[in-house]
Amino acid sequence: MKTANLTFVPDNVLTFDLKDDSPAQACLRVTNDSTVPVVFKVKTTNPECYLVKPNHGLVARRETIHVAVVVVKLKKKNLLARVKAQGSLKCPDKFLVQSASVNESLLRLMETKSQSEIAELIGGVLGSKDKHEMHAKKLLVDFRFHDDQACSNVLGAAEGVTTLAGRTGLESTQPVPMPGTPEAMFTEIVTLRKKYDDLVAFTVNLTAERDMLSVDLVKAKDISARECSSAVDKNLNRNRNKICSAVSFWQVILLGCFSFFLGISIPTVGTFCRNISGYH
5 MKTANLTFVP DNVLTFDLKD DSPAQACLRV TNDSTVPVVF KVKTTNPECY LVKPNHGLVA
65 RRETIHVAVV VVKLKKKNLL ARVKAQGSLK CPDKFLVQSA SVNESLLRLM ETKSQSEIAE
125 LIGGVLGSKD KHEMHAKKLL VDFRFHDDQA CSNVLGAAEG VTTLAGRTGL ESTQPVPMPG
185 TPEAMFTEIV TLRKKYDDLV AFTVNLTAER DMLSVDLVKA KDISARECSS AVDKNLNRNR
245 NKICSAVSFW QVILLGCFSF FLGISIPTVG TFCRNISGYH
């Protein structure tokens, strides 16, 4: 389906294979079939579950880019546990790809910006567009669960058949392409592409784990700051109580001394007044 002259493959559903020993990832191929550059931004209803690289960018004229979508490792474990417990899993998550065409001046401006500035610029462009100028593509999410035990059984049966074929003298041969031929070049390209995809998935997983560790570090710092603030408040309250107790003690002493001297001075003043009146 074409949206703002963009073609998406897959067109409707992003499918993730859930396995214990491999990352759950999907690849979205975006092609710009128009003669003008197009900016895009990927959003999801569950951003904590997915890592999208790149989640925004520019698709030049007649260009094709690949967007890698990977399920965060911890979330994948939770999904696998739910699937194994329930037997099936219906995912309500959705993705939205917003896109809009840009002019040459904006394109030249983006070439001078950093990645963070480009992200802000794309967000501003998409936010300022009218509804009829901005296009949106919705994608659903589907999880496919692969039972490793069943796969092991199938592989074991296949190995048994291969062994039986070897014993009977039957061999399955596969033609090997000659070096330098188009078939050999295509095979090499496929192999390199697979290695590249594995490398991208590994990098995305590392980035996801780094982001999770950063979030945990921020939470730990907040907890530590709150605990330190609470300890300081407790110490201040304890010192304030000590000061109040000390002040109260000295107040009692001073009040007693004042009362004592007042009791002594009152008779003396009375005697002095009578002596004066006697002179008169």
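Residue numbers (the numbering used here): 5 to 284.
Backbone N, C-alpha and C fix where the C-beta goes; we use that ideal spot for every residue, glycine too.
Please read these numbers as outputs of a predicted model, since none were measured by experiment.
To the nearest angstrom, report how far apart leucine 12 and leucine 93 are at their CA atoms. Before going on, a small fix: residue 12 reads as phenylalanine here, not leucine. C-alpha separation (whole angstroms): 25 Å.
Using 10 angstroms around the beta-carbon of cysteine 232, count the other beta-carbons present and answer buried if the total reaches 16, otherwise exposed. Burial call: exposed.
Among all the DSSP beta bridges, which residues are the ones paired with arginine 33? Beta-bridge pairing links arginine 33 to Val13 and His70.
Between which two residues does the alpha helix (DSSP H) containing serine 26 stretch? For serine 26, no alpha helix (DSSP H) encloses it, and the DSSP letter there is neither H nor E.
For the alpha helix (DSSP H) containing serine 120, name the first residue and the last one. Its alpha helix (DSSP H) spans residues 119–132.
Do valine 46 and valine 56 count as a contact pair if the criterion is CB distance below 7 Å? Yes. Within cutoff.
Look up aspartate 146 in the DSSP assignment and say whether it is helix, strand or coil. In the structure shown, the three-state DSSP call for aspartate 146 is strand.
Could you have a look at threonine 39 and say whether DSSP puts it in helix, strand or coil? Reduced to three states, the DSSP call for threonine 39 is coil.
Hey, valine 76 and valine 208: beta-carbon distance below 7 Å or not? No.
For alanine 140, which residues from the same chain have a beta carbon less than 8 Å from its beta carbon, with the 5 sequence-adjacent residues on both sides left out? Leaving aside the five residues that flank alanine 140 on each side, the residues in its chain whose CB is nearer than 8 Å to its CB run, in chain order, Thr7, Leu100, Val101, Gln102 and Ser103.
Any idea if glycine 91 is buried or exposed, counting beta-carbon neighbours within 10 angstroms, 16 or more meaning buried? Residue burial is scored here from C-beta neighbours: glycine 91 has fewer than 16 other C-beta atoms within 10 angstroms and is therefore classed as exposed.
Which of helix, strand or coil does DSSP assign to aspartate 97? Aspartate 97: coil per DSSP, three-state reduction.
Could you confirm whether any beta carbon from chain B is found closer than 7 Å to the beta carbon of histidine 139? The structure shown contains no chain B, having only a single protein chain.
Can you tell me the Cα-Cα spacing of alanine 30 and isoleucine 69, whole angstroms? Roughly 14 Å between the two C-alpha positions.
Helix, strand or coil at threonine 116 according to DSSP, with G and I counted as helix: In the three-state reduction of the DSSP assignment, threonine 116 falls in the coil class.
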